[in-house]
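**Student:**
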Amino acid sequence: MKLSDILQQADAPLISCEFFPPKTDKGEANLWQCLDELKAIEPAYVSVTYGAGGSTQERTKRIVTRIREETGLSPVAHLTCVGATETHLCALLDAYREAGIDNILALRGDPPEGMDHFEATAGGFNHATDLIAFIRRHNHFSIGCATYPEGHPESANGVADDIRYLKLKQDLGADYAITQYFFDNEAFFRFMEQAAAAGVTIPIIPGIMPITNFDQIERFSAMCGTTIPDWLKTKMDPIREDTEAVQRLGIELAIDQCRELLAHGVPGLHFYTLNKSVATIAIVNELKS
Ligand SMILES: Cc1cc2nc3c(=O)[nH]c(=O)nc-3n(C[C@H](O)[C@H](O)[C@H](O)COP(=O)(O)OP(=O)(O)OC[C@H]3O[C@@H](n4cnc5c(N)ncnc54)[C@H](O)[C@@H]3O)c2cc1C
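In structure tokens:
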């Protein structure tokens, strides 16, 4: 089912979960177990990221197709412009359509390993906006896009650029947006106000990152431009070596964050699971209780 329809028909905020395609058989076995466990919280859809390398990209297609065929969950396939020509993308979209996949999250993508900036492939695209317009011409998929409440690291004019390009993504055919994860709800609320003032009307679904390993989150955040607020660092610093304590606090903080977001009427919560189920299940169960 198309996510645009699911969002329109929903009478409560949607829960969704994001996964990455594992590189090993063991990792893949863990993914299927994780998906099975997460069924308990009834995600409206599950999304699978798309890596920069060729074999990773094949894995995304295989996993998304298997989710659709075997789990009863609605998959969203991430798709990027990295290393792809229009011809390649066209063939992939045809294959998704034939496999009954209705939902694509259209992204520019991160540079491949070893490169410090994005370079468009000859015969390919520069930006997610180009990919969105291309997929819309394909005329089958519900299209999602990414957006950045604290600004994408490459946005020269900060959040103002992200809002301008979010509006362009909407105008070119994006049905909804999922945000980069953030810990500062105030930044998200400011972003939502500015986006609405700029004419953005598509649902904007906040991305939630449950903290299970604070060192890892600091590394990710430095790369993707997410602020670690001082209050969060102060709480995490004394316990950062204690895995269980970090996970316990990470769950508590995510529950508080989600409660505040839900009170502000967000259309859904998108969990970056990192292929783990425990924290997301604990958070969602508490929100439902
Ligand atoms: C929910 C979510 C899922 C993700 N999944 C993946 C994944 O599966 N695989 C992966 O590799 N990465 C993924 N990413 C990371 C993403 O690919 C990176 O953040 C990437 O650097 C930017 O992608 P984008 O689609 O936002 O690009 P764009 O929207 O193209 O933005 C990139 C930069 O260009 C600017 N810009 C945007 N449009 C234009 C335009 N038309 N003209 C000029 N400048 C423009 C923006 O301000 C920004 O600074 C994901 C991110 C999010 C938030």
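Using my numbering, read the sequence shown as starting at 69 and increasing by one per residue. Glycine is no exception: its CB is placed at the ideal position from the N, C-alpha and C atoms.
Extract the residue ranges of the beta strand (DSSP E) inside the stretch 272-350, only unbroken runs of 3 or more that lie entirely within it.
**Tutor:** DSSP runs (the beta strand (DSSP E)) wholly in the stretch 272-350: 272-276, 336-340.
**Student:** Go to Val268, then tell me how far its beta strand (DSSP E) extends in each direction, as first and last residue.
**Tutor:** Numbered from 1 along the sequence shown, position 200 holds the residue referred to as residue 268. Premise fails: Val268 is in no beta strand (DSSP E) and is neither H nor E.
**Student:** Just the Cα atoms here: how many angstroms apart are Glu312 and His332?
**Tutor:** For this step, residue 312 is matched to residue 244 along the sequence shown. For this step, residue 332 is matched to residue 264 along the sequence shown. Spanning the two alpha carbons is a distance of roughly 31 Å.
**Student:** Is any heavy atom in ligand 1 found nearer than 6 Å to the beta carbon of Leu240?
**Tutor:** Taking the first residue of the sequence shown as position 1, residue 240 is located at position 172. Because no heavy atom of ligand 1 lies under 6 Å away, the Cβ of Leu240 does not count as near it: no.
**Student:** Would you check whether ligand 1 has a heavy atom nearer than 6 Å to the C-beta of Arg127?
**Tutor:** On the sequence shown, position 59 is the one that residue 127 refers to. No, since every heavy atom of ligand 1 falls outside the 6 Å radius drawn around the Cβ of Arg127.
**Student:** Scan the stretch 85-139 and note each continuous alpha helix (DSSP H) run of 4 residues or more that stays entirely inside, going in chain order.
**Tutor:** Runs of the alpha helix (DSSP H) inside the stretch 85-139: 93-106, 122-138.
**Student:** Taking 7 Å as the cut-off, decide whether the C-beta atoms of His195 and Leu173 are in contact.
**Tutor:** Reading the sequence shown from its first residue, position 127 is the one you call residue 195. Reading the sequence shown from its first residue, position 105 is the one you call residue 173. No, they are not a contact pair.
**Student:** Of all the options Ile203, Cys85, Thr148, which has the alpha carbon lying nearest to the alpha carbon of Ala188?
**Tutor:** By 1-based counting over the sequence shown, the position of residue 188 is 120. Comparing Cα positions, the closest option is Thr148.
**Student:** Taking the alpha helix (DSSP H) that His206 belongs to, which residues open and close that run?
**Tutor:** The count along the sequence shown starts at 1 and reaches residue 206 at position 138. 196-206 is the extent of the alpha helix (DSSP H) around His206.
**Student:** Give the DSSP bridge partners of His146, in chain order.
**Tutor:** Counted from its first residue, the sequence shown places residue 146 at position 78. Per DSSP, Leu173.
**Student:** Between Thr139 and Leu103, is the Cβ-Cβ spacing less than 7 Å?
**Tutor:** For this step, residue 139 is matched to residue 71 along the sequence shown. For this step, residue 103 is matched to residue 35 along the sequence shown. In this structure, Leu103 lies closer than 7 Å to Thr139 by Cβ.
**Student:** Mind checking whether Glu330 and Pro111 have CB atoms under 7 Å apart?
**Tutor:** Translated into the one-based positions of the sequence shown, residue 330 becomes position 262. Translated into the one-based positions of the sequence shown, residue 111 becomes position 43. Reading off the sequence, residue 330 comes out as Leu, not Glu. Cβ distance not < 7 Å, so Leu330 and Pro111 don't count as in contact.
**Student:** Distance, Cα to Cα, Gly336 vs Asp324?
**Tutor:** Along the sequence shown, read from residue 1 onward, the residue named residue 336 stands at position 268. Along the sequence shown, read from residue 1 onward, the residue named residue 324 stands at position 256. Each residue's Cα considered, the two are about 15 Å apart.
**Student:** Tell me which residue opens and which closes the beta strand (DSSP E) that Ser357 is part of.
**Tutor:** Locating residue 357 in the sequence shown gives position 289, where the first residue counts as 1. No beta strand (DSSP E) contains Ser357, which DSSP labels as neither H nor E.
**Student:** Check whether the Cβ of Glu222 sits closer than 6 Å to any heavy atom of ligand 1, and report yes or no.
**Tutor:** Along the sequence shown, one-based indexing puts residue 222 at 154. Under cutoff, so the answer is yes.
**Student:** Quick check on Pro171: buried or exposed, where buried means 16 or more other Cβ atoms within 10 Å of its Cβ?
**Tutor:** For this step, residue 171 is matched to residue 103 along the sequence shown. Looking at the sequence provided, one finds Asn at residue 171 rather than Pro. By the neighbour-count rule (16 or more Cβ atoms within 10 Å), Asn171 is buried.
**Student:** For the putative contact between Gln238 and Ile270, defined by C-beta atoms under 8 Å, what is the C-beta separation to the nearest angstrom?
**Tutor:** Taking the sequence shown and counting its residues from 1, the one referred to as residue 238 is at position 170. Taking the sequence shown and counting its residues from 1, the one referred to as residue 270 is at position 202. Yes, Gln238 and Ile270 are in contact; Cβ-Cβ is about 5 Å, under 8 Å.
**Student:** Does DSSP classify Thr189 as helix, strand or coil?
**Tutor:** As a working note, residue 189 is residue 121 in the sequence shown. Three-state DSSP puts Thr189 in coil, outside helix and strand.
**Student:** By Cβ distance below 6 Å, which residues in the same chain neighbour Tyr233 in space, the five residues on each side in sequence not counted?
**Tutor:** In the sequence shown, residue 233 corresponds to position 165, counting from 1. There are no such residues.
**Student:** Which same chain residues, not among the five before or five after His338, have their C-beta less than 6 Å away from its C-beta?
**Tutor:** By one-based count along the sequence shown, residue 338 stands at place 270. Answer for His338: Ser84, Ile246, Ile273, Gly275, listed in chain order.
**Student:** If you check the beta carbons only, do His206 and Leu240 fall under 7 Å apart?
**Tutor:** Counted from its first residue, the sequence shown places residue 206 at position 138. Counted from its first residue, the sequence shown places residue 240 at position 172. Against a cut-off of 7 Å, the Cβ pair of Leu240 and His206 comes out as no contact.
**Student:** Give the range of the beta strand (DSSP E) segment to which Ala214 is assigned.
**Tutor:** For the purposes of this step, residue 214 is taken as residue 146 along the sequence shown, with counting starting at 1. Counting along the chain, the beta strand (DSSP E) containing Ala214 begins and ends at 210-215.
**Student:** Would Asn345 pass as a contact of Leu106 if the rule is Cβ separation under 7 Å?
**Tutor:** For the purposes of this step, residue 345 is taken as residue 277 along the sequence shown, with counting starting at 1. For the purposes of this step, residue 106 is taken as residue 38 along the sequence shown, with counting starting at 1. Reading the sequence as shown, one finds Ser at residue 345 and not Asn. Their beta carbons are under 7 Å apart, which means Ser345 touches Leu106 by this criterion.
**Student:** Please find out if some non-hydrogen atom of ligand 1 comes closer than 6 Å to the beta-carbon of His195.
**Tutor:** Translated into positions along the sequence shown, residue 195 becomes position 127. Yes, the beta carbon of His195 sits closer than 6 Å to at least one heavy atom of ligand 1.
**Student:** Could you tell me the alpha carbon to alpha carbon distance between Ala214 and Lys235, rounded to whole angstroms?
**Tutor:** For the purposes of this step, residue 214 is identified with residue 146 of the sequence shown, where counting begins at 1. For the purposes of this step, residue 235 is identified with residue 167 of the sequence shown, where counting begins at 1. Approximately 12 Å between the Cα atoms of the pair.
**Student:** What are the boundary residues of the beta strand (DSSP E) that includes Ala245?
**Tutor:** The count along the sequence shown starts at 1 and reaches residue 245 at position 177. Element bounds for Ala245: 244-249.
**Student:** Judging by CA-CA distance, which residue of Cys292, Asp283, Phe186, Ala228 is the nearest neighbour of Gln248?
**Tutor:** Walking along the sequence shown from the start, residue 248 turns up at place 180. If we check each option's Cα against that of Gln248, Cys292 comes out closest.
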